[in-house]
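Visitor: Here our numbering runs 98 ahead of the position in the sequence shown, where the first position is 1. Cβ atoms here follow ideal geometry from the backbone N, Cα and C, with glycine treated the same way. Just so you know, these numbers come straight off a predicted model, no measurement behind them.
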Amino acid sequence: MGMVTFVDETTAGSRGDGWGLEIAEERLALRELIRRRVCHEVAEYQSKRPEVFRGLVQPEGAERTLDGYALRTPRRIDPEKQTELALRAFERNGFLVLVGDRQITELDEEMDLPLGVEVTFLKLVALVGG
């Protein structure tokens, strides 16, 4: 079992603090890695119920804030629905995924996850007029 470190970055230059998740497999498809990440984020939110959800993608019915997404009405977030939102965002180029220094371009592409690897989710920021 190895620790994978997730880091969120934006094209505007911001970089979040990394956080770790235990992954037993040495190879995994990107689709499954995203699913596990999102399910972990949702479980953390459900257990603590903070004012702001800090996750890969914005839940439906939430407003973007400086440090995450505020739900207008406090509620449980469905991890499967949140995973589907994340997978669609990847397919629409909402973010890129880098494993080490290698970009993963397909959801079903399997990648090596050596011990201590950093997985970067680079959130793409729309350009003005673009």
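So, GLY166 versus PHE188, is the Cβ gap smaller than 9 Å?
Guide: No, the pair does not count as a contact, with Cβ atoms beyond the cut-off.
Visitor: As a quick exercise: from LEU126, GLU124, ILE175, THR218, pick the residue whose alpha carbon is nearest that of LYS65.
Guide: In the structure as shown, the chain begins at 99 and stops at 228. Residue 65 is therefore absent and cannot be evaluated.
Visitor: So the beta strand (DSSP E) ILE202 belongs to, where does it begin and stop?
Guide: Taken as a continuous stretch (DSSP letters only), the beta strand (DSSP E) holding ILE202 covers 200 to 202.
Visitor: Is the beta carbon of ILE121 less than 9 Å from the beta carbon of GLY100?
Guide: Yes.
Visitor: Might you give, ordered along the chain, the residues of its own chain that have their beta carbon closer than 6 Å to the beta carbon of VAL155, omitting 5 neighbours on each side?
Guide: The residues are LEU183, ALA184, ALA187.
Visitor: Let me check understanding here. Comparing Cα to Cα, which of VAL102, LEU169, LEU164 lies closest to LEU128?
Guide: If we check each option's Cα against that of LEU128, VAL102 comes out closest.
Visitor: Taking its Cβ as the centre, do 16 or more other Cβ atoms sit within 10 Å of ALA141, making it buried, or is it exposed?
Guide: Exposed, because fewer than 16 other Cβ atoms sit within 10 Å of the Cβ of ALA141.
Visitor: Identify the residues that DSSP records as bridge partners of ARG162: which are they?
Guide: The partner list for ARG162 (beta bridge, DSSP) reads TYR167.
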